[in-house]
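S.K.: Here you go, one structure.
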Amino acid sequence: MVNHKRRKRLLKLLAEHHTASVPQLVEWLSASPATVRRDISWLAARNLLTRTRGGAANLAQKKRNFALTSETFEHNIQCFAERKRAIARCAAGMCAEGETIVINGGTTTFMMAEFLVDKHLKILTNSFLMAERLLVSSENEIILPGGKVYREQNVILSPFDNDITQHHYAAKMFMSVYGLSLLGLMEADPLLIQAEKRLIGQAEELIVLADSSKFAKKAGLILCGLDRVSTVITDTCASDAAVQLLEQSGVKVITVTPEAMPAQQPPMSFPYGFEFQAQGLFQAEISH
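Following our numbering, the numbering of the sequence shown begins with -9 at its first residue and continues without gaps.
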């Protein structure tokens, strides 16, 4: 097996097993111990895995390496999936043909992609996975902001105030949030706050997609007050008290019944995340 294929296979094995010893990798890769140790050193030098005593560990185990403090997209999309799917379907049904909308990078908003395939919209999103899915499956016009890709959270964030978002105006913005309270929409990371405030500023109507678990979540950062929110779509597991408090704050609340996920769910994959970084490094290795 040539170097770049073996190293790519090694990373995939670590993603599946989290950690592995040199003897295990020798068996799985059909390579010599010396070759496996060289591969571990090569990948560790490029920050693609973590060296351990006698083996290697998946880099994802070193949580402090993540630039964002929020949990990963892949983890979050498994949580309360039935609630999120129903909320996403309802949100997609609010989109009128031909209008411009903004969709932020969240797991509930990502599920809207399935229900937007037959629409003809102009969609500004900072979710690169949603953009890829809609480009492949629909005729919607997709606009992405420039910036750095945070693959674990599936978002593109720009450090600049004058990015492309300021040139686009939308009738509606559909937003997932970390938490929801009487104080407003709450987020856990300052980088997300910075980017999402710019997106909110470009939309006339803000529609929040929040499954009922979000009412119990607290965070130290407030994205905006409830006075900026026009509608909250949640599920029927939300308490009557929570719904009433939102309505008393002037927010329209839509509750939907959780729906079962399809029997055959496509595996969650990140087609451009690992491949772009790893293949570039492997090709650079081959050329030297």
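Ideal Cβ positions, reconstructed from N, Cα and C, are used throughout, including at glycine.
Note that the structure is predicted; figures quoted are calculated from it, not measured.
According to DSSP, is Val(-8) helix, strand or coil?
M.R.: DSSP places Val(-8) in coil when its eight states are reduced to three.
S.K.: If we count the other Cβ atoms within 10 Å of its Cβ and call it buried at 16 or more, is Pro135 buried or exposed?
M.R.: It counts as buried.
S.K.: Count the other CB atoms, across all protein chains shown, that sit within 10 Å of the CB of Thr247; report buried if there are 16 or more and exposed otherwise.
M.R.: That one is exposed.
S.K.: Measure how close the beta-carbons of Glu177 and Ala209 come, nearest whole angstrom, since I'm counting them as under 8 Å.
M.R.: Sure, about 6 Å apart at Cβ, within 8 Å.
S.K.: Confirm, please, whether the CB-CB distance from Ser220 to Leu172 is below 8 Å.
M.R.: No, these two residues do not count as a Cβ contact at 8 Å.
S.K.: Among all the DSSP beta bridges, which residues are the ones paired with Leu147?
M.R.: BP columns for Leu147 point to Lys138.
S.K.: Pull up the distance between the alpha-carbon of Leu19 and that of Ala10, whole angstroms please.
M.R.: If you take the alpha carbons of Leu19 and Ala10, they lie about 12 Å apart.
S.K.: In whole angstroms, what is the alpha-carbon distance linking Leu199 and Lys109?
M.R.: About 19 Å.
S.K.: Are the beta-carbon atoms belonging to Thr115 and Gly88 less than 8 Å from one another?
M.R.: Not closer than 8 Å, so no.
S.K.: Could you check whether the region 38 to 51 touches the region -4 to 9, counting it as contact only if at least three pairs of C-beta atoms, one from each stretch, sit closer than 8 Å?
M.R.: A contact exists between the region 38 to 51 and the region -4 to 9.
S.K.: Which word fits Pro257, buried or exposed, when buried means at least 16 other C-beta atoms lie within 10 angstroms of its C-beta?
M.R.: Here Pro257 scores only 43 on pLDDT, less than 50, and its place in the model should not be relied on; the value that follows carries that caveat. Classification of Pro257: exposed, given that the 10 Å Cβ count is below 16.
S.K.: Between the Cα of Ala185 and those of Leu125, Tyr140, Glu194 and Arg43, spot the shortest distance and give me the residue it belongs to.
M.R.: Checked all of Leu125, Tyr140, Glu194 and Arg43; the closest Cα to Ala185 is Tyr140.
S.K.: Leu235: which of Leu216, Ala76 and Thr97 sits nearest, CA to CA?
M.R.: Nearest of Leu216, Ala76 and Thr97 to Leu235, Cα basis: Leu216.
S.K.: Can Val92 and Met163 be called in contact, C-beta distance under 8 Å?
M.R.: In this structure, Met163 lies closer than 8 Å to Val92 by Cβ.
S.K.: Leaving out five residues on either side along the sequence, give the residues of the same chain with a beta carbon under 7 Å from the beta carbon of Val26.
M.R.: Val12, Leu15, Val16 and Leu19, listed in sequence order.
S.K.: If I measure Cβ to Cβ from Val(-8) and keep anything under 7 Å in the same chain, skipping five residues before and after, which residues do I get?
M.R.: Excluding sequence neighbours, Val(-8) sits near nothing in its chain.
S.K.: Quick one: is Ser22 buried, meaning 16 or more other Cβ sit within 10 Å of its Cβ, or exposed?
M.R.: Result: exposed.
S.K.: Please name the residue in Gly44, Thr98 and Arg41 whose C-alpha comes closest to that of Cys287.
M.R.: This structure cannot speak to residue 287, because the chain is shown only from -9 to 278.
S.K.: Ordered along the chain, which non-local residues of its own chain (more than five positions away) have a Cβ less than 7 Å from that of Ala161?
M.R.: Counting only Cβ-Cβ distances below 7 Å, and skipping sequence neighbours, we find Glu89, Thr90, Ile91, Glu194 and Glu195.
S.K.: CA-CA distance, Met251 and Leu119?
M.R.: Spanning the two alpha carbons is a distance of roughly 19 Å.
S.K.: Using only the alpha-carbon positions, how far apart do Ile132 and Leu106 sit?
M.R.: Going by the C-alpha atoms only, they are around 12 Å apart.
S.K.: How would you call Lys204, buried or exposed, if buried means at least 16 neighbouring beta carbons within 10 angstroms?
M.R.: By the 10 Å Cβ count, Lys204 comes out buried.
S.K.: Tell me whether Thr226 is buried or exposed, calling it buried when 16 or more other Cβ atoms sit within 10 Å of its Cβ.
M.R.: Flag for Thr226 reads exposed.
S.K.: So what's Arg218 in DSSP terms, helix, strand or just coil?
M.R.: In the structure shown, Arg218 sits in a helix (DSSP, three-state: H, G or I).
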